[in-house]
Each structure stands twice: as structure tokens, then as C-alpha cells.
Amino acid sequence: MMLEIDNLQVSYGAVRAVKGISLTVEQGQIVTLIGANGAGKSSTLRAVSGITKASGGHIRFEGRDITSLPAHGIVALGISQAPEGRMIFANLTARENLAMGAYLRRDAPEIEKDMEYVFAMFPKLKERIDQPGGKLSGGEQQMLAIARALLARPRLLLLDEPSLGIAPILVRTIFEKIVEVNCQLGTTILLVEQNARMALSIAHYAYVLETGQVRLHGPAAGIACDEDIRRAYLGEHC
Amino acid sequence: MKRHLSKLYLLLALVAAAIIARYQSSIGPYYFQIIMYIGINVILASSLNLINGFAGQFSLGHAGFMALGAYTSAVITTSLHVSPGTAASYPVFALALICGGIVASVFGLLVGIPSLRLKGDYLAITTLGLGEIIRVIIQSLNFLGAARGFTGIAKLSNFFWVYAVVAIVIFTIANLVRSTYGRGFLAVRDDEIAAEAVGVDATRYKIIAFTTGAFFAGIAGGLYAHFVTYINPSQFGFLRSFEIVVMVVVGGMGNIAGVILAAALLTILPEALRAVAQYRMVIYALLLIIIMISRPQGLFGQRIDWGRIWRRLSKRPSPPAEGKT
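The structure is reproduced here in C-alpha cells:
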């Protein structure tokens, strides 16, 4: 098991955002967390990457307990995150942003290779390579955030709402790229998404979160067919 | 990364400072004083630029670090009865300056620790408070002269000492922030969470910024004390911290050359305005307001584009005197 979350709790002051979530991510899979606003999806992801501290429970990555590690220590283990809202370094150029993604790596020729790889994947980024990150459009920033996370060469990639605030036509492209990363690089992906239909269409396994708890989980295809889920999250009437 | 300053630059700058120092007596005392103040202010502004401009930690306590360096080094040189010109004065002065820097950087560490939890306005208020605490403590210590001030400091600072430190501070900061490692400073400034998310230890960068910045501020304090030969706590008040912050903001946060130019400009400006006597501080303040309205990113922005300036100059042999505002 690549990632194991056991009874995770996350609180912001008195507000309990995650109330005992347990889930597992198997190597090579795309696993998605879906659910409404405030269900605790992002909090779970941020606890895995160490940006938010868990107030209870355990997170194990490849058998090692990472619950109390600082965020930069978790990156070093092979987990990297494209955070929600993208969080591009606005004053650094696109290239410098990517270079920051490879901050912990010392293998310059390999980094160069990976740069070429992400430019082939997102040709738009190559056109804007010397532009400050803050000047890029929302979609370009999202691509940059994913590309930056990839430059860490993670074994587990955490994606937080990659479809948030970008044009619908780009959403499709971005999801295609997510599948591409999973297939070509073999990167395991934990994807948090509000666009449940999109997420379920590419994921192998899905967890449905509701008010800080897992309501339902199973293979993505099965979840997509579930009557209640269709009504609640996909807006369909059966 | 590109634009690294080589050790050759440092060597040349030190040699140049030593050569000019031999002829410093031929400079009129008034102008010499201004030149010395420019050097000291460049050190202060550049070191604060590391904290405010590069690491993005808004600190308002720089005068406190300066005071620590000034008093520490003054105590050392006066208790050892160093007189200027003697062979022993050079190593003792160097040692005194470094001790002043170390004491300041220890306090820089103390100020840096709250920065791990506080941000923006809160950090500014906290550093302002800590700077004032340093000043008030000195004011209450009788062996430091308390509010009467500390007199009889040997005049050990000369052109060489000040500009050697200027060269060293520029060399250190430029090479620190332009390395791949140093890009971490810019990442922390732009987005601390994203920086952590790519593996940057934000805590370490903030601590490095505060200790290094405070170290050089302490040395600047030592140079200042041994130039004016009399120091008292009121010289290191909030207004002094504020002046240094203004230099950084006017020069452009995180712009090394811009901050140096702004430090020089803002040191000369009040002197140049002496002609209008009682209105000079009004005009000084007005100019600052105009600069901030028309160039909120600082006179020189993030980076000075030397290539563009050169192209413009070579196209038009007599450039119009419109300035940069």
C-alpha cells in the first residue's frame, strides 16, 4: 500500500473539518476524493502533504509514519502537491517556478529532461517561459502548478481541485494530462475534485466525503453508477 | 544562476577602498561625512533588504540591531583603550565590529523566531516593539552611559572600513539570493505555503535572513559609532528603523542595485535640500509621497534592466534629464 490514512482528524480552531477519515491509495492508481464544499477533501490532502497539521490519526507513506513531518520533509520522501488556488510564485518566471519544483533535486541533466517533458505536455507553458507566474492566465497557472509538482519527480502526486476557476475546455485537457502522467510516468495520483463527473471518469477508485467523513467508497466506475451519488453529485435524475 | 558576483569583484572592491582611503584626507570634511553616511546607510539598507525585500518578512526593528552593534563594539574598543593609527587598532577594531555583528545577530535570531508565527502587520509591530525594547534597555544601563550617551569612542572608522563592509555585504547578499539555494528566499516571499509544498524549509530561510541581516546591521552600527565617536540611545529610535525601511521600499524590495542607489539618494537628498532650510523635511516627505504614488514598486522596481538603459543611452547620446520617476 502506497498511502494509508488511518482515522485522520483535522481541526481549524474549534471547527473540525475532518472527523476520522480512513483511506488507502494503491501504487499506480488514480484515487479521487469527491464531495461537496466543506466535506474535508482539501483538508485531508493538505494533511498528507504536511501543509496542515493533523490533530489526530496517522498517515503512512510506503509504510513510514509521516503524520508529524514538516511539509518540506514530506516532499523529500516523494510526495508533491499542486495546491488549491495554484499558489504560483507570482514574481518568479515560469521557468523559475519549475526550477523551484525541482528544489530538492541535485541531478541537473535529469531536471532538464523533465523540463522538456512538461513542456511537451503543456506547450503553452513553453511560450510563456520567461513571463512572471503572476502574469499567466488561470489555466496556464494550473498547468504550471501541475508541472511544478511533477518536477519534484514524485511517486505520489497530490492534486487539489485542478479544475477550479479555469475554462471548461481546458478542464478536459488538464484531465487528459493527469491520465497521461499516471500512464506514462506511473505516478500514483490522489485527486481532490468538485467536478465529480470528470474525476470519476479518470479515477480507478473513489471516496465520497461528506461533512468530514467517508460516506462511501469503491471502484470509480461503480460509484459513478450509484443512484444516490448520481442524484447528489452528478445532478442527474434517474 | 547568472549574474553571480565573483571573488575577483570583492578583491577589486577592497583594493579600491584601500587606495581611496589613503587619499581620504583630501576630501573636504563635510563631503567626507556624507560619503561615510552613504556607505553606512547602504550597509543598513542592503541588510534590511535581505529580510524585507528577499525573505518578505516586514521588519521594523533594524535600528535596534544597529544599536547593539554600536554599543558592543564601542565597549570593546574603549575598554581596550585602542587609539586610531596604531598597529593594534586594526585587528581590535575588526574584532570589535564582528562581536557587534554577532551580538546583533543573536538578537536577530530572537526577533526571527516570532516571524515563524507572525505575518505582515503583526510581525512589523512585534519587530518595532523589540527594537524599542533594545533601545530602552540600553537607556537604562548606567555603564553604557544611559540616556547621556556613550562618549569618547575612538575615531577608528575610515573610508576603507566602511566601503570594505559595503563590498562584503553586497557580495554576500548577491551571492546568497542569486544561487539556486537562494531562490528559496524569493519563493518564501511570494508564497510561503507553496514554498513549503515544493520542499523549501521556510523556517530556515527566515532565520537565515534575520540573523544575516542583523549581523550586518550590527557591523554598520559599529562603523557608525566609531565615526561619530559619540552615541546615545535616541539615535537608534524608531525613526532610524523607518528611514532604513524607506530606503528599501524606494529602491524596490528585493532589488540589490536599486536599494543601494536609493540609500545613497536618500542620504544626499536632505543635505541637498539644506538650501531651502526649514522646508527641507517637508519637501523630503513630499518627494517620498510622490515616489510612492507614481512608482509603488519602488524607483527601480524588481530588477534594473541595465541592457535597456544602455540601449537607450547609446541610441541617444545626450539623454534627456527626465530621471526615472
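So the protein lines, in turn, are chains A and B.
Residue numbers for the first sequence follow our numbering, so the first one is 1 and each next one is one higher.
Residue numbers for the second sequence follow our numbering, so the first one is 239 and each next one is one higher.
We put the CB at the ideal spot given by N, CA and C, even for glycine.
Just so we're clear, the structure is a prediction, and the values are computed from it rather than from any experiment.
Under the Cβ criterion of 8 Å, serine 49 of chain A is counted among the residues facing chain B. At a cut-off of 8 Å between beta carbons, tyrosine 103 of chain A contacts chain B.
Closest in C-alpha terms to isoleucine 289 of chain B, from the list B:Thr310, B:Ile482, B:Gly475 and B:Ile371, comes B:Ile482. Counting only Cβ-Cβ distances below 9 Å, arginine 416 of chain B has no contacts in chain A at all, with the closest Cβ about 12 Å away. Within chain A, the C-beta atoms nearer than 7 Å to that of valine 438 of chain B come from His72 and Tyr103, in chain order.
Near chain B, meaning a CB-to-CB distance below 9 Å, the residues of the segment 75-96 of chain A are Val75, Ala76, Ser80, Gln81, Ala82, Pro83, Arg86, Met87, Ile88, Phe89, Ala90, Asn91, Leu92 and Glu96. Inside the segment 82-130 of chain A, DSSP marks whole alpha helix (DSSP H) runs of 4 or more residues at positions 94-101, 108-121 and 123-127, from first to last along the chain. Beta-bridge partners assigned by DSSP to glutamate 481 of chain B: none are found.
The count of Cβ pairs closer than 8 Å, one atom from the segment 114-122 of chain A and one from the segment 145-154 of chain A, reaches three, so the stretches are in contact.
Judged by their CB atoms, glycine 387 of chain B and tyrosine 517 of chain B are not nearer to each other than the 8 Å cut-off.
Pairwise C-beta distances place the segment 266-275 of chain B out of contact with the segment 488-504 of chain B, as fewer than three of them are shorter than 8 Å. Under a 10 Å Cβ-count criterion, glutamate 96 of chain A is classified as buried, with 16 or more other Cβ atoms of the shown protein chains found around its own Cβ. If you draw a straight line from the Cα of phenylalanine 345 of chain B to the Cα of glycine 307 of chain B, it is about 11 Å long. Close partners of arginine 148 of chain A in chain B (Cβ separation under 7 Å): Val436.
Within the DSSP secondary-structure output, valine 407 of chain B pairs in no beta bridge. Using a CB distance cut-off of 8 Å, alanine 152 of chain A counts as an interface residue toward chain B.
Beta-carbon to beta-carbon, serine 479 of chain B and glycine 369 of chain B are separated by about 6 Å, close enough to satisfy the 8 Å threshold. DSSP assignment within the segment 169-237 of chain A yields the following whole alpha helix (DSSP H) runs of 4 residues or more, N-terminal first: 196-202, 220-225 and 227-233. Nearest CB-CB separation between alanine 99 of chain A and chain B: below the 8 Å threshold.
Interface annotation, isoleucine 431 of chain B: in contact with chain A, CB-CB separation under 8 Å. As the crow flies, the alpha-carbon of alanine 523 of chain B is around 25 Å from that of tyrosine 360 of chain B.
Between alanine 425 of chain B and chain A, the shortest Cβ-Cβ separation is below 8 Å.
The C-alpha of histidine 319 of chain B lies about 37 Å from the C-alpha of threonine 364 of chain B. For arginine 421 of chain B, at least one C-beta of chain A is nearer than 8 Å to its own C-beta. Alanine 203 of chain A and leucine 248 of chain B have their C-alpha atoms spaced approximately 57 Å apart.
Counting along the chain, lysine 444 of chain B sits inside the alpha helix (DSSP H) bounded by residues 440-466. In terms of Cβ geometry, tyrosine 207 of chain A and leucine 8 of chain A do not form a close pair [threshold 8 Å].
Here the alpha carbons of glycine 475 of chain B and lysine 444 of chain B stand approximately 24 Å from one another. Secondary structure at aspartate 359 of chain B: helix, using DSSP grouped into helix, strand and coil. For aspartate 428 of chain B, a Cβ of chain A is located within less than 8 Å of the residue's own Cβ. In this structure, DSSP gives threonine 324 of chain B a state outside helix and strand, which the three-state scheme calls coil. The alpha helix (DSSP H) runs lying completely inside the segment 268-332 of chain B and spanning 4 residues or more are 300-317, given in chain order.
As DSSP reads the structure, glutamine 141 of chain A sits in no beta bridge. B:Ala452 is the residue among B:Met274, B:Ala452 and B:Gly383 whose C-alpha sits nearest the C-alpha of leucine 347 of chain B. Residue ranges of uninterrupted alpha helix (DSSP H) with 4 or more members, entirely inside the segment 34-91 of chain A and ordered along the chain, are 41-49 and 71-77. Each residue's CA atom was taken as its position, placing isoleucine 340 of chain B and leucine 503 of chain B some 29 Å apart.
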